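Numbering (the numbering used here), first residue to last: 83 to 941.
From the three backbone atoms N, C-alpha and C, an ideal C-beta is built for every residue, glycine too.
Just so we're clear, the structure is a prediction, and the values are computed from it rather than from any experiment.
Below: the structure, in structure tokens.
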């Protein structure tokens, strides 16, 4: 409480000091001294009144804390004395820390945050890893059942699986993601049910998400008890989950949930640790159960091992979340860190400039009794005040950026957006921002503080302004080189991304993509087996051919996508295999997409099977397999429906971009979907049309519903729109790199301009003397520009080396160019040289206009 009574107690001390002085003076007067001499001698005998007051106050409270408070208050006042410089520093730090905090917030959402609505305490994932170290987040139903029956370290175990299905009810049919989950799923994970209840085991019941209730059932009050059909199986809706919940993990996100079927092929397992049990203890127990399963059942990989992992919403997304999101996040992290270095260098330059101007002030403080420790602490307190203001601004910036970036990072799978984790900054993110802000300001303040520590007392008091300014040049030049080097790095990366995006914009697939419509339909609710599914697709093709404006129609198992993987193909009797892409296509496929055969025939037009399955292959595959010989009639071993089988090559098609703008060089195999029917599920109709899409699109939708109203249209888009989905991450990356590169370049140029200007001011007398001795204005102009541009040359060379290393990482996201593209680097060097010359020319022009006599009169 002494801290809060400081003012009254200080008044008491002053009164007591005055009492002692008066008593001492009275005693001296009694001994015969005059009143004036008695008063002076009493003050002299008492000693330093201010020091006595400070010593007394030190007994009451923590002096260091009081002095720190004074320093912080003084620092805040000093920030307001130079509002322009302070605002610039706060703005720079806020923007760069806001960007870094955004990246940290997104990484935090991916790595550690639970799914919305899930109680995550003590929750773990159960997966397994193979000999290559690849983690599979799901296991077999047998392993799930074994864990349920024998585990003692887990108090709750839940299982789930899922996929795309057709949801049908009286209002129509929709393509949805459906999850099959254990009956304890909602209770064990703490998921709220806002309407109705969960379901029991083996009950023909469904629980729908709040999103499905809102979008497909218009939030009907009588939703409980509604009968629906899921891929032909009847269910009754018994509950609605809390708003925002879409699944415990991103891979298993769903629009509705039904009881887990015993015949499921795989199960994703989550468990909640029993109280007092660690993850390591659970790992030991469950690993023992896994080994028992390996010994008893041949289907378990003997080289695999069980993994008990930390739970997060992103658990197990290795194969299911678009890998470009993680690449995007990694590149963005590096970019923001580089920008942080550039900004720190610039802010340090600003603070060094202010510290140089204040050298005389700091020397005067020392002469009045302030120690060097107190001076350094005062400078650090100013940095602390700056960091608090910057942190508040950075948090606001991060909040806005995370809202924007969360939409950009949502991966896209043929148009179906998978729910992302919650990226909203939490306390850990805000704490990270605060630490980063304090570290940045401490680093920026460290230079002026160390300079103040080493500074002798008398020279700044004796020196004039020019002598004070002279001490800044060397540090500032180093900081300018650092800024320029990293600006080159960012501008070069942005240039590579921009060039790549430009080349993608002029991308030619090799055939006419105008008037090519892709319609993905889900037939799981319409047919029960592969033969019936093939017949339905043929019916669709026949019906759509009659639609006004439709010229050709075909179908394929998969739409074009940048995410296609490859299958191994080989010649019979040989073990040398190569990777080729594969698709099952329907009749008239080549005519629909506008490709002419180079040799042979189109086997998809065969009305009856000729025994051995026939296939079309690309020219590159034919050349690689048979080196210029005719491939017609030869055999290939391919992976067909999950098993190896022989096919006969019936035709050869030219190399085209059949699945995206990166895939021309990859070999391709086309199998007949009519003779290799796929089970019910999603297939894509390829429709060549003339006229307007606004007219053809609705007609196509109505025609499909007339054939089978249970078939749900999942997506309808043009070929160009489908391929453009693969360009989207590169476009976003280019925009962000351009923004950061532009900002870094601007900061670096401003820093160089400030250094050259400051250097010119420092050398006013020197330049005036040169001109007085005969140097022309042109020679002075050239000298200043040459010395300033030398910093640019050093920065360009360092930045070039850094950008070559960074280009290798960025190269995976580039198209059509190499990371050492000469056009890009020539443009970058020309741009930076031009802006650097402008930054040097402006102060050099002022230097060339110096009047020699006026310069020589400068202090």
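Handout entry: Simplified DSSP assignment, three categories, for residue 292
Key = helix
Practice task
Please name the residue, chosen from 685, 711 and 772, that lies closest to residue 729 on a Cα-to-Cα basis.
Solution key: 685
Exercise for the section: Starting from the N-terminal side, write out each stretch of the alpha helix (DSSP H) that is 4 residues or longer and does not extend beyond the stretch 719-801. Expected result: 775-789
Problem - Check whether residue 700 and residue 750 have beta carbons under 8 angstroms apart - result: yes
Exercise for the section: Whole angstroms is fine: what's the gap from residue 719's alpha carbon to residue 639's? Expected result: 20 angstroms
Problem - Segments of 3+ residues assigned as beta strand (DSSP E) that fall wholly inside the stretch 329-383 - result: 338-341 and 349-355
Practice task
Name the residue from 221, 240 and 633 whose alpha carbon lies nearest to the alpha carbon of residue 230.
Solution key: 240
Exercise for the section: Sort 680, 852 and 768 by Cα distance to residue 641 and report the nearest one. Expected result: 768
Handout entry: Selected residue, minimal CA-CA separation from residue 682, among 654, 661, 688 and 715
Key = 715
Problem - Nearest to residue 235 (by Cα), restricted to the options 359, 319 and 250 - result: 359
Problem - Cβ neighbours of residue 270 in the same chain (closer than 7 angstroms, five flanking residues each side left out) - result: 238, 240 and 354
Practice task
Just mark residue 129 as buried or exposed, buried being the case when its beta carbon has 16 or more other beta carbons within 10 Å.
Solution key: exposed
Practice task
Along the alpha helix (DSSP H) that carries residue 863, what are the first and last residues, could you check?
Solution key: 859-892
Handout entry: Whole runs of the alpha helix (DSSP H) within the stretch 616-649, excluding any shorter than 4 residues
Key = Complete alpha helix (DSSP H) runs here, min 4: none at all.
Practice task
May I have the straight-line CA-CA distance separating residue 361 from residue 277, to the nearest angstrom?
Solution key: 35 angstroms
Exercise for the section: Verify whether the separation of the beta carbon atoms of residue 308 and residue 379 is less than 8 angstroms. Expected result: no
Practice task
Compare the Cα-Cα distances from residue 738 to each of 703, 708, 577 and 762 and report the closest residue.
Solution key: 703
Exercise for the section: Label residue 431 either buried or exposed according to how many other C-beta atoms from any shown protein chain fall within 10 Å of its C-beta, with 16 as the threshold for buried. Expected result: Its Cβ being crowded by 16 or more others within 10 Å, residue 431 is buried.
Handout entry: Nearest neighbour of residue 610, chosen from 560, 761 and 564 [CA to CA]
Key = 761
Handout entry: Beta-carbon contacts of residue 367 that lie in its chain and below 6 angstroms, excluding the five residues immediately before and after
Key = 235
Practice task
For residue 247, count neighbouring C-beta atoms within 10 Å of its own C-beta (all shown protein chains included) and say buried if the count is 16 or more, exposed if not.
Solution key: Classification of residue 247: buried, given that the 10 Å Cβ count is 16 or more.
Exercise for the section: Over the uninterrupted alpha helix (DSSP H) stretch that includes residue 600, give me the two end residues. Expected result: Segment 598-604 is the beta strand (DSSP E) holding residue 600; no alpha helix (DSSP H) there.
Practice task
Return yes when the Cβ of residue 616 is within less than 8 angstroms of the Cβ of residue 39, no when it is not.
Solution key: Outside the shown range of the chain, which is 83 to 941, sits residue 39, and nothing can be said about it.
Practice task
Find out if the Cβ-Cβ distance for the pair residue 846, residue 932 is shorter than 8 angstroms.
Solution key: yes
Exercise for the section: Confirm, please, whether the CB-CB distance from residue 291 to residue 323 is below 8 angstroms. Expected result: yes
Handout entry: Which of helix, strand or coil DSSP assigns to residue 258
Key = strand
Exercise for the section: Measure the alpha-carbon distance for residue 784 versus residue 627 and round it to whole angstroms. Expected result: 13 angstroms
Exercise for the section: Starting from the C-beta of residue 567, find all residues in its chain whose C-beta is less than 7 angstroms away, skip the five residues before and the five after it, and write them out in chain order. Expected result: 877, 880, 881 and 884
Problem - CA nearest to the CA of residue 200, picked from 222, 176 and 267 - result: 267
Problem - Distance, residue 415 Cα to residue 479 Cα - result: 16 angstroms
Handout entry: Buried versus exposed call for residue 337 [16 or more other C-beta atoms within 10 Å across all chains shown]
Key = buried
Practice task
Out of 606, 365 and 296, point me to the one whose CA is closest to residue 356's CA.
Solution key: Looking only at 606, 365 and 296, the smallest Cα-Cα distance to residue 356 is reached by 365.
Problem - Simplified DSSP state of residue 680, which is helix, strand or coil - result: Here residue 680 sits in coil by DSSP.
Exercise for the section: Return the CA-CA distance between residue 283 and residue 224, expressed in angstroms with no decimal places. Expected result: Rounded to the nearest angstrom, the two C-alpha atoms are 17 angstroms apart.
Handout entry: Beta-ladder partner(s) of residue 277, from DSSP
Key = 322
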